[in-house]
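Following the numbering used here, the numbering of the sequence shown begins with 1309 at its first residue and continues without gaps.
Heads up, the beta-carbon is just placed ideally off N, CA and C, and yes, glycines get one too.
Please read all numbers here as calculations on a predicted model, not as lab measurements.
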Amino acid sequence: MPHTLASLVNHTALKLSVLAGEERLEVPVRWAHASELIDPVPYMEGGELLLITALKLDAEDAEAARRYVRRIAEAGVVGLGFAVGVNYEGVPQALVDAAREQGLPLLGVPRRTPFIAISKAVSAAVAADQYRAVTAGFEAQRELTRAALSAEGPAELLARLAAHLDGWAALYDASGAVVAAAPDWAARRAARLTDHVGRLRERPAPASSVVSDTDGDDRVELQSLGTGRRARGVLAVGTAAPLGTAERYAVHSAVALLTLTTERSRALQDAEQRLGAAVLKMLLAGEPDHARAVAGRLYGGLLDAPFRVVVAEPVTGEEPSSGGAAGAGAVGVLDALADAMDSAAARTGEAVLAVPDGGRLIVLVVDGGAAADACAAYAAEAEARAGAQPRGRGRAARAEAGNGAWVAVGLSAPTGPIAAANAYRQAEQALSVARRRGRALVEHEDVAAGSVLPLLADDAVRAFADGLLRALREHDATGRGDLVASLRAWLARHGQWDAAAADLGVHRHTLRYRMRRVEEILGRSLDDADVRMELWLALKATSAPSAPQGE
């Protein structure tokens, strides 16, 4: 326990007497200091017992005494010790009245008690308190180390830490999700702090912050875990009061142990990633049997169940077709997506095979599993935040990065090891469509079941269509006929003269004449099915909405 004025008063060798402020004797004393300055405040830090003989202070002057006591009390001095029988035979009444007015404890120090004796008593008590705190901190460190090495690992460590702090503790993973909390009820409280955790994770590790719980009952400290550019997790501790020395030792020990565990896990993840890269390479090379042999128990379960291939690529806000960006924002969106899928899979115990590939991320996830759901939820949340429409040029994904970079994701149909290479091509095709449409995620089933018409919005297709139809449009511009509209009506009616002529409101012979003029101007025969197909697609391309700028 910290040393207090009461413990000094009860110290039998000091023989101190209480003259004022009896109700505030339980206040802790950080130090004892003697000073005869009229204004010692610039040299005070707060928490001191100030010892004086009133060598320069006119302690019998009521106004001077009041001014002096008020100033030192406002500076955080917790008590005033007055030497009796040195400059004054007794303690002046003006000083006693001033101390009572401020509620400042005033202690009488007998002549036979030197100030140094009081300083030594306070120093010894402070040293003893620090020794107890350090001893308790080392004991907490040993206890937390044993907990970290137990079968329960971080969960047991959090339980021991919460008990030591007489509060609660929670652990967040790299995605900001709560993975463990102690006691059990603390999980709900920790979940309310995810926004604060997210902001802390954006800062380079190590980092910390202090927040107030949403109920206003707790003082919560957040400590990031990890030694790299990005935090690998966050530790939260909630207590009713600021942490003392012993509690601070315990929190620092927990941070060190959890960081060590996190970094060790990261090394294992790197090894797993290298193994996953080998498995993926064999699958894409059409060697499923070899891939199964290498996958072993780590990825074998993933290959036994239907899985999907995910291809994700960061894209800059300026030029989606440029193939992505290597900046911090681009890397960040891929990291965030990978963290979300890894964390979701870890909570359900399913396997995820994730391999960075030249600025892209290739992932194999269980069809219908938690990682696949997390990928879809990540994209949906990005689009919802920005209010992106299907052709909204990726505003959602870019806003999600907050720095001009967004992520586009392509998802294959469910597949197995034998057809993995085909699934990879499906995911790449879906990714291409996602980039074109400015979407965060596109599934291959959506592309396969959709229409080819949205693809005609490509600039190259539109340029081809404009070139193919230019001569007809120039003819029509002279007012010598309506060849483009006639061609569209004739193709739409599959070459049926009467029906197309009726749609145009002209005689069928007029329509036949116009189609001959189309053939003459284009130098192509409408009897050729390929020519009819190209003309129809050209008409569709030039009537489709323009592609977003920059695509």
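- Where residue 1476 is concerned, the enclosing beta strand (DSSP E) starts and stops at 1476-1480.
- With contact defined as three or more Cβ pairs closer than 8 Å, the stretch 1377-1395 and the stretch 1333-1349 are in contact.
- If only uninterrupted alpha helix (DSSP H) runs of at least 4 residues are considered, those enclosed by the stretch 1738-1808 are 1752-1757, 1767-1785 and 1791-1800.
- The C-beta of residue 1726 has fewer than 16 other C-beta atoms within 10 Å across all chains shown, which makes the residue exposed.
- Distance check between residue 1446 and each of 1581, 1657, 1556 and 1737 places 1556 closest, using alpha-carbon atoms only.
- For residue 1380, there is no enclosing beta strand (DSSP E); the enclosing alpha helix (DSSP H) has its first and last residue at 1370-1382.
- In the DSSP annotation of this structure, residue 1346 is not part of any alpha helix (DSSP H), being labelled neither H nor E.
- Residue burial annotation: residue 1417 is buried, with at least 16 other C-beta atoms found within 10 angstroms of its C-beta.
- Taken through DSSP and simplified to helix, strand or coil, residue 1361 comes out as coil.
- Between the stretch 1432-1442 and the stretch 1400-1417 there are fewer than three inter-stretch CB-CB distances shorter than 8 Å, so the stretches are not counted as touching.
- Under DSSP, the beta-bridge partners assigned to residue 1674 are 1615.
- If you draw a straight line from the Cα of residue 1642 to the Cα of residue 1501, it is about 24 Å long.
- Burial is judged here by how many other beta carbons sit within 10 angstroms of a residue's own beta carbon; residue 1329 has at least 16 and is buried.
- Residue 1392 sits in coil when the DSSP states are folded into three classes, being neither helix nor strand.
- Burial check for residue 1841: the Cβ neighbour count within 10 Å stays below 16, so the residue is exposed.
- DSSP places residue 1460 outside both helix and strand once states are collapsed to three, so it counts as coil.
- Residue 1432 carries a helical assignment under DSSP once its states are collapsed to helix, strand and coil.
- DSSP places residue 1647 in the helix class (H, G or I) of the three-state scheme.
- The C-alpha of residue 1552 is placed about 39 Å away from the C-alpha of residue 1398.
- Between the stretch 1766-1780 and the stretch 1814-1823, the count of Cβ pairs shorter than 8 Å is below three; the stretches do not touch.
- Relative to the Cα of residue 1506, the nearest Cα in the group 1528, 1532 and 1491 belongs to 1532.
- Annotation for residue 1791: 1780, 1783, 1784, 1822, 1825 and 1826 place their beta carbon closer than 7 Å to its own, counting only its chain and skipping 5 residues before and after.
- Per the DSSP secondary-structure output, residue 1668 pairs in a beta bridge with 1665.
- When the Cα atoms are used, residue 1750 and residue 1496 turn out to be separated by approximately 34 Å.
- For residue 1527, the enclosing beta strand (DSSP E) starts and ends at 1527-1533.
- A check of alpha carbon separations from residue 1599 across 1322, 1586, 1606 and 1546 identifies 1586 as the nearest.
- In terms of Cβ geometry, residue 1723 and residue 1617 form a close pair [threshold 9 Å].
- Going by C-alpha positions, residue 1796 is about 10 Å away from residue 1802.
- According to DSSP, residue 1398 shares a beta bridge with no other residue.
- Contact between residue 1657 and residue 1546 does not hold, since their C-beta atoms are separated by about 29 Å, which reaches or exceeds 8 Å.
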